[in-house]
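**Q**
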Amino acid sequence: MNPVIACVSLAALAILVSLPVTAHEGATGIVKQRMNQMSKMETSLKKIAGIIRSGENYDRKEIIILARSIAKHSGENMTRLFPESSKTMRSEAEAIIWEEWDIFQSEASGLLRKAETLTKLASAQAEQAEMMTAIRQLAASCTSCHRQFRRPK
130 MNPVIACVSL AALAILVSLP VTAHEGATGI VKQRMNQMSK METSLKKIAG
180 IIRSGENYDR KEIIILARSI AKHSGENMTR LFPESSKTMR SEAEAIIWEE
230 WDIFQSEASG LLRKAETLTK LASAQAEQAE MMTAIRQLAA SCTSCHRQFR
280 RPK
């Protein structure tokens with residue numbers, strides 16, 4: 130292969146690979162807040178799934194705490210971190226969020242309801258299978274919103 134073409138190809142690849150990282154690089158203000166909030170929810174969801182997979186004698190109190198944390202960051206607490214003024218800021222948020230605000234609000238409210246459902250199931254000593262279904266639904270809520278409103282990674 131021609132060395133110039135190889136060099137240009139590698140440079141282009143390096144730029145493409147770094148795009149998701151640069152979307153958050155140097156983020157401040159409301160964008161940084163929502164990044165942190167999303168990261169907290171992701172961490173909580175992963176911890177919940179790990180706890181459930183650990184076996185029958187899992188720590189329901191910890192699941193309740195983690196599910197409440199997701200609920201706390203959902204619904205209006207999520208949508209308030211997407212003011213229209215942040216639409217032009219560098220982030221992974223797609224502009225369609227503000228064009229389809231009602232759908233975005235509905236997704237955020239759905240996440241809240243699913244987190245509350247998981248909290249209730251854990252409090253009621255639900256079976257492991259029922260808990261896993263609730264966790265999958267919670268994760269599906271995240272995926273649905275990200276497919277519609279987040280730039281691809």
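In terms of the numbering used here, the sequence shown is residues 130 to 282. Beta carbons: idealized from backbone N, C-alpha and C, even for Gly. Being a predicted model, the structure only gives us computed values, none of them experimental.
1. Roughly how many angstroms separate the alpha carbons of T217 and E223, rounded to a whole number?
2. In or out: T272 buried (at least 16 other Cβ within 10 Å) or exposed?
3. Rank I177, Q166 and T172 by C-alpha distance to the C-alpha of A251 and give the top, closest one.
4. Mind checking who R279 pairs with in its DSSP beta bridge?
5. Which two residues bound the contiguous alpha helix (DSSP H) that contains G239?
6. Nearest-angstrom Cα distance between R189 and I159?
7. So S173 packs on S198, CB below 8 angstroms; how close in whole Å?
8. Does DSSP put R163 in a helix, in a strand, or in coil?
9. How would you write the range of the alpha helix (DSSP H) that A156 sits in, first residue to last?
10. Exposed or buried, which one is S220 when buried takes at least 16 other CB atoms within 10 Å?
11. Taking the alpha helix (DSSP H) that N206 falls in, what are its first and last residues?
12. Quick check: K243 and Q277, are their CB atoms within less than 8 angstroms of each other?
13. Do I193 and T262 count as a contact pair if the criterion is CB distance below 8 angstroms?
14. To the nearest whole angstrom, what separates the beta carbons of S203 and A237, a pair I think is in contact under 8 angstroms?
15. Can you tell me whether K216 is helix, strand or coil according to DSSP?
**A** The short version:
1. Here residue 217 is taken as the residue at index 88 of the sequence shown, counted from 1. Here residue 223 is taken as the residue at index 94 of the sequence shown, counted from 1. Approximately 10 angstroms between the Cα atoms of the pair.
2. Position 143 of the sequence shown holds residue 272. Exposed: under 16 other Cβ atoms inside 10 Å.
3. Position 122 of the sequence shown, counted from the first residue, corresponds to residue 251. Among I177, Q166 and T172, the Cα nearest to that of A251 belongs to I177.
4. Taking the first residue of the sequence shown as 1, we reach residue 279 at position 150. Paired residues: A222.
5. For the purposes of this step, residue 239 is taken as residue 110 along the sequence shown, with counting starting at 1. If you look at G239, you'll find it in the alpha helix (DSSP H) that goes W230 to S252.
6. In the sequence shown, residue 189 corresponds to position 60, counting from 1. In the sequence shown, residue 159 corresponds to position 30, counting from 1. It is roughly 33 angstroms from the alpha-carbon of R189 to the alpha-carbon of I159.
7. Stepping through the sequence shown from its first residue, residue 173 is reached at position 44. Stepping through the sequence shown from its first residue, residue 198 is reached at position 69. Their Cβ separation, rounded to whole angstroms, is 5 angstroms, which keeps S173 and S198 in contact under 8 angstroms.
8. Position 34 of the sequence shown, counted from the start, is the residue given in the question as residue 163. Residue state, collapsed to three classes: helix.
9. Working through the sequence shown from its first residue, we reach residue 156 at position 27. For A156, no alpha helix (DSSP H) run applies, since DSSP gives it neither H nor E.
10. Position 91 of the sequence shown, counting from 1, holds the residue named residue 220. Per the 10 Å Cβ criterion, buried.
11. The count along the sequence shown starts at 1 and reaches residue 206 at position 77. Note, N206: alpha helix (DSSP H), E205 to T208.
12. Working through the sequence shown from its first residue, we reach residue 243 at position 114. Working through the sequence shown from its first residue, we reach residue 277 at position 148. The answer is no: Cβ separation not under 8 angstroms.
13. By one-based count along the sequence shown, residue 262 stands at place 133. By one-based count along the sequence shown, residue 193 stands at place 64. Against a cut-off of 8 angstroms, the Cβ pair of I193 and T262 comes out as no contact.
14. Position 74 of the sequence shown, counting from 1, holds the residue named residue 203. Position 108 of the sequence shown, counting from 1, holds the residue named residue 237. Contact holds; Cβ gap of about 6 angstroms.
15. For the purposes of this step, residue 216 is taken as residue 87 along the sequence shown, with counting starting at 1. Three-state DSSP puts K216 in coil, outside helix and strand.
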